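Residue 12 in UniProt numbering sits at position 12 of the sequence shown; the count goes up by one each step and never skips. Here's the structure we're looking at; comments come further down.
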Amino acid sequence: MSLLEFEMVGIKSAIESEDQMQYEYVDDTSSQFVIQRVFARPVTYIFHIPSNYPREIPTFQYIGEEARLVNSVNAFPDTDRTLTRLFLRVIFLDYLRYNIPFPDCFMAIDPIFYLYLQNQYESSTE
1 MSLLEFEMVG
11 IKSAIESEDQ
21 MQYEYVDDTS
31 SQFVIQRVFA
41 RPVTYIFHIP
51 SNYPREIPTF
61 QYIGEEARLV
71 NSVNAFPDTD
81 RTLTRLFLRV
91 IFLDYLRYNI
101 PFPDCFMAID
111 PIFYLYLQNQ
121 YESSTE
């Protein structure tokens, strides 16, 4: 199993967990991983995976009712070098924005990175 396949299995497993109901798995290919946020305002997140992953970093874009991020981005290329970490940051920010507790199923994907995100955003609000 490749690193990418391993990451996709872990993310899909967390999304399909009964621990959370805010996101749904939509589709994946070797170049994309797609999920949908189903709470608040529904948004589709498309994670783009470069052909030479993991040497190049993944990016994402979102498509919502009232907003669309046209260009694929990764605002934190130094830390969000894997699909897993980029996915965790994107959904972490959703949970933070809507003041919803972050589910254990997502924390379990990368507990160290979750703590990093928590510390990063707690210190930015002080």
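Idealized CB from N, CA, C, for every residue including glycine. The structure presented is a predicted model; accordingly, all values stated were derived computationally and were not measured.
Can you list, in chain order, the residues of its chain whose CB lies under 8 angstroms from that of residue i, leaving out five sequence neighbours each side?
i	result
Asn74	Ile57, Pro58, Thr59, Phe60, Asp80, Leu86
In the DSSP output, what is residue i paired with across the bridge?
i	result
Gly10	Gly10 pairs with nothing; no bridge assigned.
To the nearest angstrom, how far is the alpha carbon of residue i from that of residue j?
i	j	result
Leu117	Asp104	14 angstroms
Ala108	Ile91	14 angstroms
Leu4	Ser123	32 angstroms
Ala40	Tyr23	11 angstroms
Pro54	Thr82	7 angstroms
Pro111	Val38	24 angstroms
Asn119	Ile11	22 angstroms
Thr29	Tyr121	32 angstroms
Met1	Met8	11 angstroms
Glu66	Gln36	15 angstroms
Gln20	Ile100	11 angstroms
Val98	Leu115	The question names Val, but residue 98 is Tyr in the sequence shown. Straight-line Cα distance between these residues: approximately 19 angstroms.
So, residue i versus residue j, is the Cβ gap smaller than 7 angstroms?
i	j	result
Ile49	Ser31	yes
Tyr45	Tyr62	yes
Phe113	Leu93	no
Ala14	Phe106	yes
Identify, in the order they occur along the chain, each residue of the same chain with its Cβ nearer than 7 angstroms to the Cβ of residue i, setting aside the five sequence neighbours on each side.
i	result
Asp27	Val34
Within its chain, find whatever has a CB closer than 6 angstroms to the CB of residue i; leave out the 5 residues flanking it on each side and keep chain order.
i	result
Phe102	Tyr95
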